[in-house]
Every structure is written in C-alpha cells, then in structure tokens.
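Engineer:
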Amino acid sequence: MPGRLAIDDDHFRDRCGLFGIFGHPEAGRLTYLGLYAQQHRGQESAGIVAAEGNKLHVEKGMGLVNDVFDEHRLEALPGDRAMGHVRYSTAGDTVAANAQPILIECHRGPIALGHNGNLVNAAKLRNELEAAGSIFQSTSDTEVILHLYARSHREKLEDAIAASLSKVMGAFSLLFLTPDALVAARDPWGFRPLCIGKLEGAYIVASETCALDLIDAEYVRDVEPGELVVIDREGLRSFRPFPPEPVRQCVFEHVYFARPDSIVFGRNVLATRAAMGRQLARESPADADIVVPVPDSGMGAALGYAEESGLPFAWGLIRNHYVGRTFIEPRQSIRSFGVKIKLNPVRSVLEGKRVVLIDDSIVRGTTSRKIVGMVREGGAREVHLRISSPPTMGPCYYGIDTPTREELIASNHTVEQIREWVGADSLSYLSQDGLLAAVGDEAGQRHCTACFSGRYPVAVSQADPQLALFAK
Ligand code: SF4
Numbered sequence: 340m341p342g343r344l345a346i347d348d349d350h351f352r353d354r355c356g357l358f359g360i361f362g363h364p365e366a367g368r369l370t371y372l373g374l375y376a377q378q379h380r381g382q383e384s385a386g387i388v389a390a391e392g393n394k395l396h397v398e399k400g401m402g403l404v405n406d407v408f409d410e411h412r413l414e415a416l417p418g419d420r421a422m423g424h425v426r427y428s429t430a431g432d433t434v435a436a437n438a439q440p441i442l443i444e445c446h447r448g449p450i451a452l453g454h455n456g457n458l459v460n461a462a463k464l465r466n467e468l469e470a471a472g473s474i475f476q477s478t479s480d481t482e483v484i485l486h487l488y489a490r491s492h493r494e495k496l497e498d499a500i501a502a503s504l505s506k507v508m509g510a511f512s513l514l515f516l517t518p519d520a521l522v523a524a525r526d527p528w529g530f531r532p533l534c535i536g537k538l539e540g541a542y543i544v545a546s547e548t549c550a551l552d553l554i555d556a557e558y559v560r561d562v563e564p565g566e567l568v569v570i571d572r573e574g575l576r577s578f579r580p581f582p583p584e585p586v587r588q589c590v591f592e593h594v595y596f597a598r599p600d601s602i603v604f605g606r607n608v609l610a611t612r613a614a615m616g617r618q619l620a621r622e623s624p625a626d627a628d629i630v631v632p633v634p635d636s637g638m639g640a641a642l643g644y645a646e647e648s649g650l651p652f653a654w655g656l657i658r659n660h661y662v663g664r665t666f667i668e669p670r671q672s673i674r675s676f677g678v679k680i681k682l683n684p685v686r687s688v689l690e691g692k693r694v695v696l697i698d699d700s701i702v703r704g705t706t707s708r709k710i711v712g713m714v715r716e717g718g719a720r721e722v723h724l725r726i727s728s729p730p731t732m733g734p735c736y737y738g739i740d741t742p743t744r745e746e747l748i749a750s751n752h753t754v755e756q757i758r759e760w761v762g763a764d765s766l767s768y769l770s771q772d773g774l775l776a777a778v779g780d781e782a783g784q785r786h787c788t789a790c791f792s793g794r795y796p797v798a799v800s801q802a803d804p805q806l807a808l809f810a811k
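Pasting the structure below:
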C-alpha cells in the first residue's frame with residue numbers, strides 16, 4: 340500500500356540554529372528572518388521569545404519557520420529584544436514540549452534558553468535534580484541548565500549562568516534572554532559556532548553569519564570558545580568563566596552542516612569546501628571526462644575538484660528544491676523513487692561519459708548506492724565516486740544527529756567493500772590530514788574529527804550512558 344515516506348537523505352544532521360538581538364525596535368521580526376536564514380540547521384520546530392518591559396512572550400510550534408509564524412504570531416512578539424531557535428530532532432522526539440526556546444519563571448524572574456549542542460552528562464544531572472525535587476517539562480537535555488540556573492544562589496545574572504554551566508559537560512552554544520539582557524555562551528571546546536553582529540546599534544548573536552547577511556547586519560566576531568557574553572543597556576561585556584580546554588570546533592560544520600555562504604570558525608564555508616575538493620583531486624585523481632556534484636552537498640568540493648583536475652564541471656544531476664521532508668509514494672513501485680523525487684540525471688550530460696561523482700559523505704551508503712545507479716542509468720560509462728571527507732566511523736556526542744555505529748557503513752566495511760556495495764568503478768575518500776589541511780589546521784589542533792578519527796575530545800568514558808534517552 341502506498342503511504343507517506345520520508346525523503347531519502349542520508350546525512351548527519353545538525354540539530355539547532357540560534358538567533359538573538361538586543362536593542363532593535365523590530366527585534367521579533369528580525370529574529371524571524373534570522374531563523375529563516377538558518378532553516379537548514381533545523382526543520383522540525385521553530386520558536387521566538389521576545390522581551391517587553393518585565394515580560395517575556397513566547398511563540399513556538401512544530402514545522403518550518405514559515406509554517407509556525409504568521410503576521411498574527413509576530414504581532415504577539417513585541418519589544419526591542421528577542422531570541423529564537425530552529426530545531427531538528429529524530430522521529431521519536433518530535434514533540435512540541437521539546438521545541439525551543441524553553442521559557443521558565445523562577446525566583447529570579449523569567450528566563451528563556453535556546454541551545455545548539457548536546458550535553459554528555461545531562462541524564463546524570465537530571466537524575467540528581469529530580470531526586471532533589473525538580474520537575475521537568477520536556478525530555479530535552481537543555482532544560483537541565485535552567486534547573487541548575489534556578490537553583491544557583493549567585494546574585495549576578497552572569498555568575499548564576501556561569502555557575503550552572505560549570506556543572507554541565509559537552510557541547511553548548513547557548514542564548515539566554517531575560518527582560519534585561521541577552522546572554523550568549525559557548526563551551527570551552529567551541530564545538531558549535533556562534534557569531535556576533537551589529538545592526539543600527541543593536542547587537543546580534545547567531546549560529547551562522549548568513550543570518551546577519553539577510554538583515555544587512557555587520558559581522559563583528561565569533562563568540563570565542565569558553566566565552567560568556569552579556570548584552571544589555573550598558574553594551575556588550577565579555578567573561579571567561581570556564582577552565583580552558585583545547586579548542587575542538589566541529590570540522591563537519593565545514594564539510595556539510597553550515598550554509599556555504601556563511602563564515603564559520605573564521606572561514607568561508609564555500610571556499611573551504613572547494614579547498615577540500617582540490618585536496619581530494621590531488622590525493623585521488625581519476626581518469627575521467629567530467630566532474631559532477633551530488634547537489635547540493637557535493638557542490639563546493641566538485642568546484643574545487645574540477646579546478647584542480649582540469650576536468651570540466653558538469654550538471655549531471657538536477658535537484659528539485661521544492662520537495663518537503665515527506666511525500667506520498669505511488670501505488671506502483673518506481674525504482675529508487677525516494678531519491679528520484681529529489682534528483683534527476685541529465686542524460687545529455689552523462690551519456691557515454693566517465694564521471695567523477697562528488698559528494699561530501701557516505702553515512703549508511705543507501706543513498707550513495709541509489710545515486711550511483713541513477714548516474715549509470717543516465718548513461719554514464721564509468722562512475723568514480725569521490726568523497727570530500729574521511730569515512731564516518733563513529734557517532735557524534737556533541738549535538739549532531741547520527742545513526743548508531745553499526746549503521747555507519749564505514750564502521751564495519753572496507754573502502755573496497757563500500758565501493759562494491761554502492762556500485763562505483765572506484766571510490767576514494769579525502770584523508771584526515773587532507774581535510775585538516777583544507778580547513779587550515781594542518782596540525783589538527785583546533786578541530787574535532789571524532790566521527791572520523793575516534794578521538795573524542797570529551798572522552799566517551801565521561802559520556803553519559805543514558806545519552807540516548809535525551810532529545811534535543
Ligand atoms: Fe563534528 Fe564529528 Fe566531532 Fe560531532 S564527532 S562534533 S560531527 S566532527
């Protein structure tokens with residue numbers, strides 16, 4: 340029987356995007372636009388909290404930013420400071436209670452919180468807090484931070500927030516909003532991005548700079564790893580409340596998650612992806628006629644590969660940009676329908692050609708197999724698959740939705756076995772050293788590569804065994 344199927348998109352997924360603004364008369368609407376620009380960081384819920392006087396107003400719901408917010412809801416977000424959140428989750432935790440920002444009232448007054456990242460000791464902390472009488476509204480690890488904050492006896496806002504964050508372990512880029520201040524914090528490893536911008540005297544904090552571009556704001560700098568920033572009527576103040584750790588920014592932000600037009604960790608993402616492609620061409624050349632990207636994920640690397648190899652770049656696959664996350668399947672089976680609804684091969688480009696097919700990663704291998712088959716059906720004589728990151732061998736504990744280790748094809752298959760499974764004539768991945776060189780970190784001293792290398796910056800032994808219980 341036909342039914343509703345999820346779009347077949349085999350990628351790691353970032354779970355959240357953040358945007359906050361302090362001191363602009365259109366704060367609520369600009370936050371809406373800031374979330375809109377960052378929709379790629381989360382498509383299952385969206386929320387905005389705005390402050391007016393001593394009150395915080397919240398509007399949030401399930402769906403895309405444009406589905407959740409209409410004129411009526413934006414009217415209900417008055418005031419000159421606001422912050423918002425877009426969220427992605429796995430199917431089991433797609434519930435409204437987990438939508439962010441989370442807004443609470445405590446003895447300190449109202450406070451809202453949005454989180455990008457994942458805490459590795461959240462279940463342990465939650466058990467302790469529940470034993471001490473705390474009642475949780477959601478299954479989100481983020482709520483733990485608010486309970487810790489509410490229990491802090493520190494007088495100043497920044498001290499109470501710092502005290503609560505000193506108890507959590509793992510990845511956090513955070514935005515807090517109170518009636519008086521917007522507070523941003525980034526964990527000492529700096530796993531997830533967070534940047535500061537300015538517009539007409541108002542300060543902005545966002546996950547990615549593409550949100551600043553949309554509203555004509557100026558990019559000022561990143562919130563540094565381990566930094567806590569308070570923005571209020573006095574301006575911007577910076578604190579360093581956490582013990583320093585080696586910086587470990589998520590290299591996958593550059594490989595796939597971030598929008599190509601963003602500056603992430605100080606580097607333009609598209610230029611970095613092109614550098615990955617050039618490095619890939621040097622490491623793994625192919626005797627071929629054309630370079631074809633898997634759109635959109637392989638675009639940047641394919642540009643670099645074509646440039647370095649001297650082979651022509653060609654649009655051999657065309658993407659339908661207007662598909663949603665699910666579709667109703669036909670009554671009669673159509674081969675690889677799930678991929679076909681998104682991608683279509685261009686026979687006039689592929690016919691008789693030896694194709695270098697570029698993508699950014701292989702997760703389970705199911706989609707890669709269908710796309711290689713599609714390129715062959717489109718007439719390609721040979722398909723040489725080139726991947727602009729190393730084999731993904733392990734899950735992420737730091738805010739990325741990943742399958743289990745067993746589901747990751749590279750964790751239990753050799754490159755040759757994967758080549759055979761996906762049906763390519765040859766298959767090569769970018770090396771770890773090559774990836775680090777492409778992000779300008781030859782020594783590997785500023786990036787997390789744990790899902791490739793198994794070197795987890797916050798040791799897995801410290802990771803909470805109940806981590807899987809938590810949704811973000
Ligand atoms: Fe990024 Fe992978 Fe590290 Fe997770 S494990 S933070 S996805 S590099």
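Heads up: the sequence shown begins at 340 in my numbering, then just goes up one per residue. Here a beta-carbon is modelled for each residue, glycine too, at the ideal position from N, C-alpha and C.
1. Nearest to Phe351 by CA position, among Ser765, Gly733, Ala782, Val754, is which residue?
2. So does Glu798 have its beta carbon nearer than 7 Å to some heavy atom of the ligand SF4?
3. Could you tell me if Asn457 is buried or exposed, where buried requires 16 or more neighbouring beta carbons within 10 angstroms of its beta carbon?
4. Buried or exposed: Glu690, going by 16 or more other Cβ atoms within 10 Å of its Cβ?
5. Under the three-state reduction of DSSP, which class applies to Val594: helix, strand or coil?
6. Where are the beta strand (DSSP E) runs, 3 residues long or more, that stay fully inside the stretch 542-618, in chain order?
7. Since I believe Leu575 is in contact with Val633 (beta carbons under 8 Å), could you give me their beta-carbon distance rounded to a whole number of angstroms?
8. Can you give me the C-alpha to C-alpha distance between Ile387 and Arg621, rounded to a whole angstrom?
9. Who are the Cβ neighbours of Tyr375 in its own chain at under 6 Å, not counting the five residues just before and after it?
10. Any heavy atom of the ligand HEM closer than 7 Å to the CB of Thr788?
11. Please name the residue or residues paired with Ile629 in a DSSP beta bridge.
12. Using a Cβ-Cβ cut-off of 6 Å (strictly less than) and excluding sequence neighbours within five positions of Phe408, which residues of its own chain qualify?
13. Within 10 Å of its beta-carbon, does Pro684 have 16 or more other beta-carbons around it, so buried, or fewer, so exposed?
14. Let me check understanding here. Comparing Cα to Cα, which of Asp406, Glu414, Glu467, Leu513 lies closest to Ile450?
15. Compute the minimum distance between the beta carbon of Tyr488 and the heavy atoms of the ligand SF4, and state whether it is under 7 Å.
16. Report buried or exposed for Tyr542, applying the criterion of at least 16 other Cβ atoms within 10 angstroms of its Cβ.
17. Tell me the rounded alpha-carbon separation between Glu646 and Lys692.
18. Could you spell out the range, first to last residue, of the alpha helix (DSSP H) harbouring Phe791?
19. Is Ile739 close to the ligand SF4? I mean its beta-carbon at under 7 Å from any heavy atom of the ligand.
20. If you reduce the DSSP assignment to three classes, tell me which class Gly402 lands in.
21. Measuring from the CB of Phe604, is there a heavy atom of the ligand SF4 at a distance below 7 Å?
22. With Tyr768 as the anchor, note down where its beta strand (DSSP E) starts and where it stops.
23. Starting from the N-terminal side, write out each stretch of the beta strand (DSSP E) that is 3 residues or longer and does not extend beyond the stretch 451-509.
24. Once DSSP output is grouped into helix, strand and coil, what is the label at Val388?
25. Are Met713 and Ser675 close, meaning C-beta to C-beta below 8 Å?
26. How do the stretch 356-371 and the stretch 519-528 stand: do at least 3 beta-carbon pairs fall below 8 Å, yes or no?
27. In three-state DSSP terms, what is Asn683?
28. Would Phe581 pass as a contact of Ser503 if the rule is Cβ separation under 8 Å?
29. If we cut at 8 Å on Cβ distances, does Leu372 have a partner in chain B?
30. So, for Ala613: in the same chain, excluding its five sequence neighbours on each side, which residues have a beta-carbon less than 6 Å away from its beta-carbon?
31. Does Ala653 pass the burial test, meaning 16 or more other C-beta atoms within 10 Å, or should it be called exposed?
32. On a Cα-Cα basis, can you pick out the residue from Ala462, Gly616, Tyr737, Val590 that is closest to Phe604?
33. Could you tell me which residues DSSP pairs with Gly356 in its beta bridges?
34. Closer than 7 Å by C-beta to Ser770: which residues in its own chain qualify, once you throw out the five before and the five after it? Chain order, please.
35. With three or more beta-carbon pairs closer than 8 Å as the criterion, would you say the stretch 552-565 touches the stretch 390-397?
36. List the whole-angstrom C-beta distance separating Leu551 from Gly536, where the pair is believed to meet the contact cut-off of C-beta under 8 Å.
Structural biologist: Based on what the coordinates show:
1. The candidate whose alpha carbon is nearest that of Phe351 is Gly733.
2. Per the sequence shown, residue 798 should be read as Ala rather than Glu. Checking the Cβ of Ala798 against the ligand SF4 gives no.
3. buried
4. exposed
5. helix
6. 557-561, 567-571, 574-578
7. Not a contact, Cβ separation roughly 41 Å.
8. Rounded to the nearest angstrom, the two C-alpha atoms are 46 Å apart.
9. Answer for Tyr375: Val404, listed in chain order.
10. Ligands present in the displayed structure are limited to the ligand SF4, and the ligand HEM is not among them.
11. Val694
12. Tyr371
13. buried
14. Leu513
15. False, no ligand heavy atom lies under 7 Å from that Cβ.
16. buried
17. 18 Å
18. 789-792
19. Yes, the beta carbon of Ile739 sits closer than 7 Å to at least one heavy atom of the ligand SF4.
20. Reduced to three states, the DSSP call for Gly402 is coil.
21. No, the beta carbon of Phe604 sits no closer than 7 Å to any heavy atom of the ligand SF4.
22. Taken as a continuous stretch (DSSP letters only), the beta strand (DSSP E) holding Tyr768 covers 765-768.
23. Runs of the beta strand (DSSP E) inside the stretch 451-509: none found.
24. strand
25. yes
26. yes
27. strand
28. Cβ atoms of Phe581 and Ser503: not closer than 8 Å.
29. The structure shown contains no chain B; it holds only a single protein chain.
30. Gly639, Leu642, Gly643
31. buried
32. Val590
33. Val425
34. Glu622, Pro729
35. No: fewer than three Cβ pairs fall under 8 Å.
36. 4 Å
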